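Data block below; observations after.
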Amino acid sequence: AVIIGPARSGPVSNRIVGGQLADDTQLPYQIALFYEGRFRCGGSIIGHRHVLTAAHCVVEENELLDAKLLTVHAGSASLKEGGHRYTVKRAIAHEGYVAVQHDIAVLEMKEAFQYDNYTQPIALAEQEVPIGSQVVISGYGRVGDGQPASDVLLYNTMFVVENEVCQEITEAYGRGLICLDKKGTHGACNGDSGGPAAYDGKLVGVANFILEHCGGDYPDGYAKVAYYIDWIRQFLP
């Protein structure tokens with residue numbers, strides 16, 4: 008049976024399956040989201056005071072998490088060294104979010120991000136990504152099922168596949184999702200939720216869920232940024 012699960016499993020820092028270690032300036036838009044001081048999800052800087060992540064990262068039992076308990080780590084590929092911590096002012100989940108549908112959210116920060124070589128926003132994709140395109144995913148997810156947690160940022164490459172491929176597996180895939188496949192035991196894992204998929208220097212996807220298990224044979228589900236572009240922009244200055 009195919010099991011759909013969010014790309015996270017509790018308050019532990021995890022790693023991208025089969026990934027490579029990122030340096031501090033390679034993915035300056037990547038952030039780590041913490042709740043009550045514990046790592047929870049990934050995300051992407053999309054403005055001086057805004058982050059894009061997954062709705063299930065900020066919603067539990069149909070209720071938004073208390074924004075006062077959310078913080079964002081930016082500016083370092085390590086969660087233990089360097090970087091800065093920023094306080095979240097409010098979390099905004101898509102009003103249509105349920106299960107794996109419309110799994111996208113915006114975080115508004117209390118203070119502006121300090122842009123430098125280590126902290127930069129990523130542009131939002133407005134167009135569909137061509138089928139077969141290679142995209143870069145990143146996050147703090149586990150190396151694989153049963154593997155130990157880590158506090159370092161990793162990245163990997165995946166490929167955009169047709170929606171029909173995904174629809175054969177689960178009806179959860181719709182126009183608002185981008186389906187990413189990989190070679191071998193690579194892909195997203197528990198802990199990578201909310202993290203970015205980037206193509207041609209733009210943010211094209213937000214990590215939503217994995218199918219079956221980390222690095223399995225099935226594609227991974229990402230919210231399609233181009234589909235939600237108008238919803239996202241209403242919160243940006």
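Going from the sequence shown to the working numbering is simple: count from 1 and add 7.
We put the CB at the ideal spot given by N, CA and C, even for glycine.
Since the model is a prediction, treat every value here as computed from it, not as a measurement.
{"Query": "Where does H63 sit, in a helix, a strand or coil, going by DSSP?", "Result": "helix"}
{"Query": "Bridge partners for S140 per DSSP, in chain order?", "Result": "Answer by DSSP bridge pairing: none, since S140 is not bridged."}
{"Query": "Could you tell me which residues DSSP puts in a beta bridge with E70?", "Result": "E67"}
{"Query": "Can you tell me whether D152 is buried or exposed, with buried defined as 16 or more other CB within 10 angstroms of its CB?", "Result": "Its pLDDT being 49, under 50, D152 is placed unreliably by the model, and the measurement read from it follows with that caveat. Label assigned to D152: exposed."}
{"Query": "Considering Cα atoms alone, identify which of E115, T164 and N124 is closest to G50.", "Result": "E115"}
{"Query": "Determine the burial state of I138: buried for a count of at least 16 other Cβ atoms within 10 Å of its Cβ, exposed for fewer.", "Result": "exposed"}
{"Query": "Helix, strand or coil for K75 per DSSP?", "Result": "helix"}
{"Query": "Mapping DSSP to helix, strand and coil, what is R240?", "Result": "helix"}
{"Query": "Any idea what DSSP makes of G222, helix, strand or coil?", "Result": "In this prediction, G222 scores a pLDDT of 48, lower than 50, which makes its location untrustworthy; no coordinate-derived value is stated."}
{"Query": "With three or more C-beta pairs closer than 8 Å as the rule, is the segment 50-65 touching the segment 93-102?", "Result": "yes"}
{"Query": "Whole-angstrom Cβ separation of L184 and F166, contact assumed at under 8 Å?", "Result": "About 15 Å separates the two Cβ atoms, so there is no contact after all."}
{"Query": "Using a threshold of 8 Å, state whether the C-beta atoms of V248 and V136 are closer than that.", "Result": "Beyond the ends of the chain as shown, which are 8 and 244, falls residue 248; an answer cannot be given."}
{"Query": "Can you tell me where the beta strand (DSSP E) holding G49 begins and where it ends?", "Result": "R45 to G54"}
{"Query": "Would you identify the three-state DSSP class for E115, choosing helix, strand or coil?", "Result": "strand"}
{"Query": "Could you compute how far the alpha carbon of L243 sits from the alpha carbon of Q27?", "Result": "32 Å"}
{"Query": "Just the Cα atoms here: how many angstroms apart are N163 and D73?", "Result": "32 Å"}
{"Query": "Pick from E102, Q121, D30 and L76: whose alpha carbon is nearest that of Y235?", "Result": "E102"}
{"Query": "Relative to the C-alpha of A29, which residue among D207, Y125 and A132 is closest?", "Result": "Y125"}
{"Query": "Thinking just about the alpha-carbon of each residue, which of F216, Q241 and V232 is nearest to the one in V105?", "Result": "F216"}
{"Query": "Could you check whether the segment 38-50 touches the segment 78-88, counting it as contact only if at least three pairs of C-beta atoms, one from each stretch, sit closer than 8 Å?", "Result": "yes"}
{"Query": "Identify which residue in Q121, L34 and P203 has its Cα closest to the Cα of R56.", "Result": "Q121"}
{"Query": "In chain order, what residues of the same chain have a beta carbon less than 7 Å from the beta carbon of H91, not counting five sequence neighbours either side?", "Result": "A81, G82 and Q121"}
{"Query": "Between the Cα of K209 and the Cα atoms of G89, V232 and H109, which residue gives the shortest distance?", "Result": "V232"}
{"Query": "If P128 sits next to Y36, beta carbons under 8 Å apart, how far is it from one beta carbon to the other, in whole angstroms?", "Result": "6 Å"}
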